[in-house]
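If you read the protein sequences in the order shown, they are chains A and B.
Count along the first sequence starting at 1, add 428, and that's the number in the working numbering.
Count along the second sequence starting at 1, add 428, and that's the number in the working numbering.
Idealized CB from N, CA, C, for every residue including glycine.
Everything below concerns the one structure shown next.
Number of protein chains: 2
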Amino acid sequence: MCERRSLPIVGQPQQERADAARNRRKIIEVAAQMIAEQGAEELSLDEVARAACVGVGTVYRRFGDRAGLVLALIDDRERRFQSEFLSGPPPLGPGAPADRRVVAFLHALVDRVVAQQGLLLLLEKEMTKRTSGPYQVYHVHLTALLGQACPHADAAYLADALLAPINARLIAFQREERGMTIEEIKSGLAHLARAVTCAGP
Amino acid sequence: MCERRSLPIVGQPQQERADAARNRRKIIEVAAQMIAEQGAEELSLDEVARAACVGVGTVYRRFGDRAGLVLALIDDRERRFQSEFLSGPPPLGPGAPADRRVVAFLHALVDRVVAQQGLLLLLEKEMTKRTSGPYQVYHVHLTALLGQACPHADAAYLADALLAPINARLIAFQREERGMTIEEIKSGLAHLARAVTCAGP
DNA sequence: AGATTAACCGGAGAGATCTCCGTTTACAAC
DNA sequence: GTTGTAAACGGAGATCTCTCCGGTTAATCT
Numbered sequence: 429m430c431e432r433r434s435l436p437i438v439g440q441p442q443q444e445r446a447d448a449a450r451n452r453r454k455i456i457e458v459a460a461q462m463i464a465e466q467g468a469e470e471l472s473l474d475e476v477a478r479a480a481c482v483g484v485g486t487v488y489r490r491f492g493d494r495a496g497l498v499l500a501l502i503d504d505r506e507r508r509f510q511s512e513f514l515s516g517p518p519p520l521g522p523g524a525p526a527d528r529r530v531v532a533f534l535h536a537l538v539d540r541v542v543a544q545q546g547l548l549l550l551l552e553k554e555m556t557k558r559t560s561g562p563y564q565v566y567h568v569h570l571t572a573l574l575g576q577a578c579p580h581a582d583a584a585y586l587a588d589a590l591l592a593p594i595n596a597r598l599i600a601f602q603r604e605e606r607g608m609t610i611e612e613i614k615s616g617l618a619h620l621a622r623a624v625t626c627a628g629p
Numbered sequence: 429m430c431e432r433r434s435l436p437i438v439g440q441p442q443q444e445r446a447d448a449a450r451n452r453r454k455i456i457e458v459a460a461q462m463i464a465e466q467g468a469e470e471l472s473l474d475e476v477a478r479a480a481c482v483g484v485g486t487v488y489r490r491f492g493d494r495a496g497l498v499l500a501l502i503d504d505r506e507r508r509f510q511s512e513f514l515s516g517p518p519p520l521g522p523g524a525p526a527d528r529r530v531v532a533f534l535h536a537l538v539d540r541v542v543a544q545q546g547l548l549l550l551l552e553k554e555m556t557k558r559t560s561g562p563y564q565v566y567h568v569h570l571t572a573l574l575g576q577a578c579p580h581a582d583a584a585y586l587a588d589a590l591l592a593p594i595n596a597r598l599i600a601f602q603r604e605e606r607g608m609t610i611e612e613i614k615s616g617l618a619h620l621a622r623a624v625t626c627a628g629p
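Next comes the structure, spelled out in structure tokens:
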């Protein structure tokens, strides 16, 4: 009973209706442009809906909430980034020793945060319920690397602890209020990573 | 010219009018009770105002915004905590070696986050503009300790990095989703602190 | 006590987030 | 083409945060 006519495409939500897909694209496009024009800080979904000639309900049905829309906006770049550290050239991708990959990964994350500051600030603020998909991926990846680099430690916790200082709020604060440069931040992280991967059990 | 009649009390905002002080107390009291009853998650300043028999404007004039009210609610406990690590008995207070004080401090911070989870979650979410007063104090304190424990490193950055994993969001996630215990979190932090304070330049 | 005034008060209102539900529409089956 | 229906649509509305401003009051000076 209740058999489906066409087999579902795995991972895809059963095919999206044409109007739905069109609206999704339009909303993302309009939102991206609004952010380019007036910054991410004051992105209003009401306004996005109006500019996209779509009801507010539609925006929320497509993306769930603010965080969902921001996640969708980041998605493209995020995919590329993930493929880089999962299967790209070393030292970020496989082929380099684990401890070097750890540092390369943390540095790449810093660059990503700096590049997407506005959107990530918004995302971090709004993301109270679920944990972001990207974070989960980073954590799995870093845990694996740390497991190789220092097999005796609690790699899962260390991964959380190394990821924690790489967030948009803190980095913005360090750069704007503390006057730190990106290089100083990266070198601090490298120091931390080195200490962790070299230390005894 | 423009001389003041009575010298201002240093640090105090020039004395608060009686009705203003009464309202401040009432608002804090009502807010604390509402949180005790229904959790911090859904604290509405509108509702607080209504329950305190006060206009919304009054709440915002007294506390600035949500973050301000939450900060005021935390204040008491916070003062005590600060005096403990600034002038209380060792190993938290002065008297113990710096590296032991670092660990004691981080552990005390974890306990504080666990004890105040609800309010701190709210605070972290709302605190986008200014950085919280408490954080600044923690950072100064930890930077000083790290400066003693490992004079060669960038103590200011390490302080940020060690404080970053001690936030309500992450700890709630680690406990609820990852199933970690408080002891596991503390031991992970201790490991990290040890690695940092022992590592070479 | 009476007058003066700076500080405070209340609550309407702007603008935002998100929900709900009656109406409309795309698509598949016939 | 017609038809049936699940999915999508739109936008009014419930709440919330925070601002603004005309009216009120506590504290001070005479």
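- Closer than 8 Å at the C-beta level to chain A, one finds these residues of the stretch 551-565 of chain B: 553, 556 and 559.
- Per the Cβ contact rule, the stretch 564-581 of chain B is not in contact with the stretch 561-580 of chain A (fewer than 3 Cβ pairs under 8 Å).
- The beta carbon of residue 460 of chain B sits closer than 7 Å to those of 501, all from its chain and outside the five residues before and after it, given in chain order.
- Residues of chain B whose Cβ lies closer than 9 Å to the Cβ of residue 624 of chain A are, in chain order, 619, 620, 623, 624 and 627.
- When Cβ-Cβ separations below 8 Å define contact, residue 589 of chain B makes contact with chain A.
- Boundaries of the alpha helix (DSSP H) around residue 626 of chain A: 610-626.
- Under the three-state reduction of DSSP output, residue 480 of chain B falls in the coil class, being neither helix nor strand.
- Residue 541 of chain B is a Cβ neighbour of residue 596 of chain B, given a cutoff of 8 Å.
- Note that the stretch 473-488 of chain B touches the stretch 451-459 of chain B; at least 3 beta-carbon pairs, one per stretch, sit closer than 8 Å.
- Positions of the alpha helix (DSSP H) runs, each at least 4 residues long and wholly inside the stretch 457-508 of chain B, are given as 473-479 and 484-491 in order along the chain.
- Within a 10 Å sphere around the beta-carbon of residue 477 of chain A sit 16 or more other beta-carbons, which makes this residue buried.
- Within the same chain, Cβ atoms closer than 8 Å to the Cβ of residue 591 of chain B are found at 537, 563, 566, 567 and 570, the five residues on either side in sequence being excluded.
- Here the stretch 579-589 of chain A makes contact with the stretch 593-613 of chain B; the two share three or more CB pairs at distances below 8 Å.
- The Cβ of residue 612 of chain B sits closer than 8 Å to at least one Cβ of chain A.
- The three-state reading of DSSP puts residue 592 of chain B in coil, since its state is none of H, G, I, E or B.
- By the rule that beta-carbons nearer than 8 Å mark a contact, residue 510 of chain B does not touch chain A.
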